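One structure is given here, and the rest of the page talks about it.
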Amino acid sequence: MRKYKYFMIMLLSMFLVVSCEDKPGTPGGDDPTAVEKSSEASIIKPEVSSDVLWFPEFSPDVTDYSLRIVDTSIDNLSFKVKAKNSKASLPGSLDFSSIEYEVPVVKTLTCIAEDGTKKTYSFKVVRGYPKGSAELLSLSATNSPEIIISDEKDKYTLIFPVGVDSTTVSFEPLNPNSTVKDAGGQLLDSKSIDFNSIASDSFTVDNFYILSEDGLNEKYYTVEVVQDVELKLDNLVLAPQATLTTEFDPEIKEYQINVLPSYKDFTVSWEAAADVRVDGPSSFECKREDDSLIITVGHKVLNRDVEYIFNCSYMINPEFINAKTFTIYGDDIAAGTYDEKYKISSSSPYGGDYYYSISKYEITEGDVAFLFPDSPMSLGSSKPATNMTYKQAVAFCNRLSLVMGRSCFYSVKDKNYSDLMWKTFTWDFLSSGHWSIKCNTRSKGYRLPTKIEWTAAAIAFVDEHDKITCLDARYKWYDFSGYDGTNSSSIGDFAVYNSGATSSVGSKLPNSLGLYDMSGNVSEFISNEIPSRSDTTLYFFSIGGDYSQEDMKIFWQTGSGVYWSFKDDKTGFRIAFK
16 MRKYKYFMIM LLSMFLVVSC EDKPGTPGGD DPTAVEKSSE ASIIKPEVSS
66 DVLWFPEFSP DVTDYSLRIV DTSIDNLSFK VKAKNSKASL PGSLDFSSIE
116 YEVPVVKTLT CIAEDGTKKT YSFKVVRGYP KGSAELLSLS ATNSPEIIIS
166 DEKDKYTLIF PVGVDSTTVS FEPLNPNSTV KDAGGQLLDS KSIDFNSIAS
216 DSFTVDNFYI LSEDGLNEKY YTVEVVQDVE LKLDNLVLAP QATLTTEFDP
266 EIKEYQINVL PSYKDFTVSW EAAADVRVDG PSSFECKRED DSLIITVGHK
316 VLNRDVEYIF NCSYMINPEF INAKTFTIYG DDIAAGTYDE KYKISSSSPY
366 GGDYYYSISK YEITEGDVAF LFPDSPMSLG SSKPATNMTY KQAVAFCNRL
416 SLVMGRSCFY SVKDKNYSDL MWKTFTWDFL SSGHWSIKCN TRSKGYRLPT
466 KIEWTAAAIA FVDEHDKITC LDARYKWYDF SGYDGTNSSS IGDFAVYNSG
516 ATSSVGSKLP NSLGLYDMSG NVSEFISNEI PSRSDTTLYF FSIGGDYSQE
566 DMKIFWQTGS GVYWSFKDDK TGFRIAFK
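Using the working numbering, you'd call the opening residue of the sequence shown number 16 and step up by one each time.
Rendered as structure tokens:
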């Protein structure tokens, strides 16, 4: 019985030992939640006095260092050492005392990582200057060079701002007892070189060398100085048929060029300083899809460059087509109309729902100059285009139609001219000669608005379906475009009037349709009503108030007939289309 109990005790002990060895979470077990310990045993760079030089430069992978105390009056050094991983163990600091001149003191320390990995660092500290050194400690220059480039270990390039044409370059060897000589072997007591007549088109170069204190080593150095050059175009000139969407600024490096679709080629010319090279084509063929012209500006001495990118595409001023589209509802217009001229029959082109688009702004001088580079208009001007004949306004509409891929709305009676003339005629041609203008109502081209279209847009009372019902008799005494049927609106908020000149289009508030200058600024050319026939002679009208009128009620409906060569500084136009 006693033997049986002993056997059971031994068996239970063996079972407990096995269970403990295999229990998860204990050393030797397979615990999936166990955190792997870091093997990082590196240190970070110790903080030491600026009078101490490192050889080599500190790197966590380098373990052997020489530290030189260049201030010979200091004979001790102490610095703290930290591990890269805070959980690694490491002595807190190293102390070097009673260091003798040129007698090294060596100390080591070992960093132990979490997992037991060890890394030992050696620090050899010496006081004094290395007698065998021919190294350069520092290099500086007067007149503050903008950048100093060390292209090679023993070659220095100093680039000065434009205007700095002289400098003195000074240098200090690592060992002040070393000897510094010029390239010819002459002793340089001042340890400096004077550079005069620094230019931007070539480097000024000089050399010197350092002979070590023990006379056993020497090292040659090269110093180059040059003026910097601004890497930019001074000016960019485009042909008349190409324009920039923003004014050229040498600091801006990317532009959008608008090119008229009636042209295939345009030339680019530039102006740059004599010491700047410009790489780029003198002409560039624009295609229907967007394309890019890249001009590279560089310095022929410094071998640097900057690219200007010009994205070229066929574009038109978006204000030409930034129009409002709405519907005139014929039945509502006819009902209660107080002027017989505006009655619409069911057989009229306006019968039922009639929609059209009209430009938000009056056409500007810049718009005309964009399509007619030979016109006297100013490119980029936002003033309304005036001093134009009715014929020139019609020509603008036709050329815009061609540019935008539409058929021409207008034609001339003289059979010697075809639609192609709208691409080729000059501005001066439009100023003389008499010819009848006809319109094709089937065309979707750009045109002058008709009297009913202009009037509807000026009054601009629109229902919830964007249908204009403005010609109802209740608005008979409508005063100006933007008037809301009450006395709360001031005409000065919506119209340029009683002034000595035109203002930029859109300088006042728009009416409820978002259309600007429907009263004031300039009166506008319109056409007679669109007839039911497809081809008919056009008659000329202008409508609306202008900037010179003093009456507080600039009547939106004021209109009069004009002859084909009429023009003044008070009359302009806007465009319409379907």
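Here a beta-carbon is modelled for each residue, glycine too, at the ideal position from N, C-alpha and C.
It should be emphasised that the depicted structure is a prediction, and the values quoted were computed from it without experimental measurement.
First and last residue of the uninterrupted alpha helix (DSSP H) at residue i
| i | result |
| --- | --- |
| Arg414 | Tyr405 to Val418 |
| Ala473 | Lys466 to Ile474 |
Closest residue to residue i among the options (Cα-Cα distance)
| i | options | result |
| --- | --- | --- |
| Pro296 | Thr282, Asp290 and Ala289 | Thr282 |
| Glu239 | Val220, Ala384 and Ala257 | Val220 |
| Glu539 | Asn526, Arg292, Thr404 and Arg414 | Thr404 |
| Asp584 | Lys593, Ala591, Ser514 and Ile452 | Ser514 |
| Leu682 | Asp169, Tyr270, Ile474 and Leu226 | There is simply no residue 682 to check, as the chain begins at 16 and stops at 593 in what is shown. |
| Asn192 | Phe223, Lys146, Glu233 and Gly178 | Lys146 |
| Tyr512 | Asn526, Lys523, Gly497 and Gly535 | Gly535 |
| Leu641 | Asp264, Ala254 and Ser185 | With the chain running from 16 to 593 in the structure shown, residue 641 is simply not present. |
| Thr456 | Ala591, Thr194, Val141 and Asp76 | Ala591 |
| Leu530 | Pro399, Cys412, Lys398 and Glu377 | Glu377 |
| Ala595 | Ile541, Ile127 and Val63 | Coverage of the chain is limited to positions 16 through 593, which leaves residue 595 absent and any answer about it impossible. |
| Asn91 | Phe186, Val321, Asn100 and Val121 | Val121 |
| Asp561 | Tyr461, Met533, Thr237 and Leu231 | Met533 |
| Tyr224 | Ser284, Asp180 and Glu150 | Glu150 |
| Glu62 | Val50, Ser53, Val77 and Lys97 | Lys97 |
| Glu187 | Leu524, Gly507, Glu322 and Ser148 | Ser148 |
| Ile309 | Leu317, Val316 and Asn326 | Asn326 |
| Val67 | Tyr144, Asn413 and Leu105 | Tyr144 |
| Phe210 | Val312, Pro464 and Ser185 | Ser185 |
| Phe581 | Tyr425, Gln407 and Gly507 | Gln407 |
| Thr465 | Leu386, Ile84, Tyr498 and Tyr371 | Tyr371 |
Per-residue DSSP class, three states only, for residue i
| i | result |
| --- | --- |
| Val140 | strand |
| Asp595 | In the structure displayed, the chain extends from 16 to 593; residue 595 sits before or after that span and is not available. |
| Ile506 | helix |
| Asn100 | coil |
| Arg462 | strand |
| Tyr80 | strand |
| Val12 | The chain is shown only over 16 to 593; residue 12 falls outside these bounds and no answer can be derived. |
| Val184 | strand |
| Glu539 | strand |
| Ser57 | coil |
| Phe588 | coil |
| Ser215 | coil |
| Pro399 | strand |
| Leu189 | coil |
| Val50 | coil |
| Cys327 | strand |
| Leu202 | strand |
| Ser557 | strand |
| Leu173 | strand |
| Ser580 | coil |
| Lys593 | coil |
| Ser374 | strand |
| Ser426 | strand |
| Glu322 | strand |
| Val520 | coil |
| Asn431 | At Asn431 the pLDDT is 48, less than 50, meaning the model places this residue with poor confidence and gives no usable figure here. |
| Lys196 | strand |
| Ile11 | With the chain covering only 16 through 593, there is no way to say anything about residue 11. |
Residue span of the beta strand (DSSP E) that contains residue i, given as start and end
| i | result |
| --- | --- |
| Ala156 | Leu151 to Ala156 |
| Phe94 | Leu92 to Lys95 |
| Ser108 | Ser108 to Phe111 |
| Ile225 | Thr219 to Leu226 |
| Asp675 | Residue numbering for the chain in the displayed model covers 16 to 593; residue 675 lies beyond these limits and cannot be assessed. |
| Leu208 | According to the sequence provided, residue 208 is Ile. The question's Leu does not apply to it. Its beta strand (DSSP E) spans residues Ser207 to Asn211. |
| Leu124 | Val120 to Ile127 |
| Asn455 | Ile452 to Asn455 |
| Asp86 | Per DSSP, Asp86 belongs to no beta strand (DSSP E) and is neither H nor E. |
Quiz item: Enumerated in chain order, which unbroken segments of the beta strand (DSSP E) with a length of 3 residues or greater are wholly contained in the region 233-320?
Solution: 233-242, 250-253, 257-259, 269-274, 280-286, 291-294, 298-300 and 306-314
Quiz item: Does the region 388-395 touch the region 412-423, meaning 3 or more C-beta pairs lie closer than 8 Å?
Solution: no
Quiz item: Are the region 147-162 and the region 95-113 touching, with three or more C-beta to C-beta distances below 8 Å?
Solution: no
Quiz item: Between the region 287-295 and the region 257-277, are three or more C-beta pairs nearer than 8 Å?
Solution: no
Practice problem: State whether the region 53-63 contacts the region 114-123, with contact taken as three or more CB pairs (one from each stretch) at a distance under 8 Å. | Solution: no
Quiz item: Any chance the region 130-138 sits against the region 198-216, with 3 or more Cβ pairs inside 8 Å?
Solution: no
Quiz item: With contact counted as at least three CB pairs below 8 Å, one residue from each stretch, are the region 230-246 and the region 173-180 in contact?
Solution: yes
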